[in-house]
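Below is one structure, written out as structure tokens, with a few remarks after it.
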Amino acid sequence: MNPDSLFFFAVAAGANLLLIPLFIRLAKNYGLMDMPGNRKIHEKPVPLLGGPAIILSILISFSLGLMFLGSEMDLTPERQVKMLLVLITTVLAGVLGFIDDIYDLRPRFKLLFQTLLFGAFILLGFHFQFMHIPGTAPFSLGFFGIPLTLLFMLAVVNGFNFMDGVDGLAGSISMVTLLSIGTVTIILKGRSEEHTSELQSHHDL
Numbered sequence: 003m004n005p006d007s008l009f010f011f012a013v014a015a016g017a018n019l020l021l022i023p024l025f026i027r028l029a030k031n032y033g034l035m036d037m038p039g040n041r042k043i044h045e046k047p048v049p050l051l052g053g054p055a056i057i058l059s060i061l062i063s064f065s066l067g068l069m070f071l072g073s074e075m076d077l078t079p080e081r082q083v084k085m086l087l088v089l090i091t092t093v094l095a096g097v098l099g100f101i102d103d104i105y106d107l108r109p110r111f112k113l114l115f116q117t118l119l120f121g122a123f124i125l126l127g128f129h130f131q132f133m134h135i136p137g138t139a140p141f142s143l144g145f146f147g148i149p150l151t152l153l154f155m156l157a158v159v160n161g162f163n164f165m166d167g168v169d170g171l172a173g174s175i176s177m178v179t180l181l182s183i184g185t186v187t188i189i190l191k192g193r194s195e196e197h198t199s200e201l202q203s204h205h206d207l
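Here's what the structure looks like:
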């Protein structure tokens, strides 16, 4: 694993381990608890501040990463803007989720806010441009990359939201998914570096 990536992971994990007990205590003190009922299977009240604790952990990891590793990272102005947009979108989506946990917002209001938030995020440059189906050559999505990205983001966010009836399910699936993505990324990066090294060797010959 890249040392920089390991640093960000370690800081985020450490911050999360420290913040979760604190936020559990705060939730109990201020009555921010998810009560049993409806389709929920827990029999006792559960703290509602898990999401804010995770988002704060991400912000701490990001801040410390820039503080200690910023000079080593190739942070062009364009990359800085993109990182800021990702963070803003993440925080706003988290705030919406927290408000929904407290006030049980209407689905149409949540969907409208999500569509506006993700739509702005996509129109600023973050959307699928190509699709690669195994066994076929990659092809350009053109304009269809925008609505496809929006549908994908809405499906993922609301899919995880539907898991809130089972405690720990969303977190467990998130962990497995991110570990899988990380593993695939490391493998692909290794292959890319090997390919680059082979090309360089042929060039030197």
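Counting along the sequence shown from 1, when you hit position 67 you're at 69 in my numbering, and nothing is skipped either side. Even for Gly, the Cβ is constructed at its ideal location relative to N, Cα and C.
Contacts around residue i, its chain only, beta-carbon distance under 6 Å, and the 5 residues preceding and following it disregarded
i, result
"F115", "L98"
"H63", "Here the sequence assigns Ser to residue 63, which means His is not the residue at that position. F10, V13 and A14."
"G147", "H129, F130 and Q131"
"F25", "L51 and A55"
"D123", "Note that residue 123 corresponds to Phe in the displayed sequence, not to Asp. Excluding residues within five positions, the ones whose Cβ falls inside 6 Å are T91."
"L150", "F130"
Residue i, buried or exposed, once every other Cβ within 10 Å from all chains shown has been counted against 16
i, result
"L183", "Here the sequence assigns Ile to residue 183, which means Leu is not the residue at that position. By the 10 Å Cβ count, I183 comes out exposed."
"P23", "exposed"
"M177", "exposed"
"L21", "buried"
"M155", "buried"
Proximity below 7 Å, CB of residue i to CB of residue j
i, j, result
"A50", "D103", "A small correction: the amino acid at residue 50 is Leu; Ala does not occupy that position in the sequence shown. Yes. Within cutoff."
"L94", "L118", "no"
"A172", "M165", "yes"
"N215", "S65", "In the structure as shown, the chain begins at 3 and stops at 207. Residue 215 is therefore absent and cannot be evaluated."
"G96", "G53", "yes"
"L87", "L126", "yes"
Close beta carbons around residue i, own chain, < 7 Å, minus the five adjacent residues each side
i, result
"E45", "P38"
"S142", "Q131 and F132"
"H134", "P140"
"A29", "M35, P49, L50 and L51"
"L77", "none"
Bridge partners - residue i, DSSP secondary structure assignment
i, result
"M69", "Answer is none; M69 lacks a bridge partner."
"D36", "V48"
"S142", "F132"
Spatially closest choice to residue i from the options, by CA coordinates
i, options, result
"L2", "A55, L58, Q82 and I56", "Because the chain is modelled from 3 through 207, residue 2 falls outside the range shown and cannot be assessed."
"T92", "I56, F25 and E74", "I56"
"N163", "F100, V88, I26 and F25", "F100"
"L152", "G161, G121, T138 and I175", "G121"
"P109", "R193, V159, G33 and Y32", "V159"
Residue i beta carbon near the ligand HEM (any heavy atom closer than 6 Å)
i, result
"F10", "Looking at this structure, you won't find the ligand HEM or any other ligand, since it has none at all."
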